[in-house]
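To convert, count from 1 in the sequence shown and add 64; that's our numbering.
The beta carbon of each residue, even a glycine, is placed where N, CA and C say it ideally should be.
Just so it is clear, the structure is predicted and the values come from calculations on it, not from any experiment.
Below you'll find the structure, written out as structure tokens, and then a few comments.
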Amino acid sequence: MPHLAGDDVAQADRELLPPAISYHDLRHTVATAMTATRNAALATLQLGHASASTTEAAYINRAGDVDNSAIIEAFAADVLKIFSG
Numbered sequence: 065m066p067h068l069a070g071d072d073v074a075q076a077d078r079e080l081l082p083p084a085i086s087y088h089d090l091r092h093t094v095a096t097a098m099t100a101t102r103n104a105a106l107a108t109l110q111l112g113h114a115s116a117s118t119t120e121a122a123y124i125n126r127a128g129d130v131d132n133s134a135i136i137e138a139f140a141a142d143v144l145k146i147f148s149g
């Protein structure tokens with residue numbers, strides 16, 4: 065599974081994402097969605113972190129028990145609109 069590396073998507077970021085959504089925002093959204101299941105190993109692999117502790121500290125422990133599903137679904141719908149033209 066390829067991870068979301070900055071160099072890999074930098075050009076697409078500039079060309080396809082609207083100015084209000086940065087690559088960093090998109091990466092955090094993906095990470096938040098993936099860690100909602102508390103699956104640090106999968107999120108670590110996707111994000112390209114060297115260890116699960118990095119992912120846990122940055123995403124899982126911060127997410128807590130907050131229900132972000134409505135925000136994530138709305139963001140995903142907006143991103144799909146952008147990429148589907």
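- Restricting attention to Glu79, Pro82, Leu90, Thr118, the CA atom closest to the CA of Glu137 is found in Leu90.
- By the C-beta density criterion, Leu80 is exposed, having fewer than 16 other C-beta atoms within 10 angstroms.
- Short of 7 Å from the beta carbon of Tyr123, and not among the five residues preceding or following it, lie these beta carbons of its own chain, in chain order: Ala95, Thr96, Thr99, Ala107.
- The Cβ atoms of Glu120 and Ala105 lie no closer than 8 Å to each other.
- Close CB contacts of Leu144 within its chain, under the 7 Å cut and outside five residues either way in sequence, are absent.
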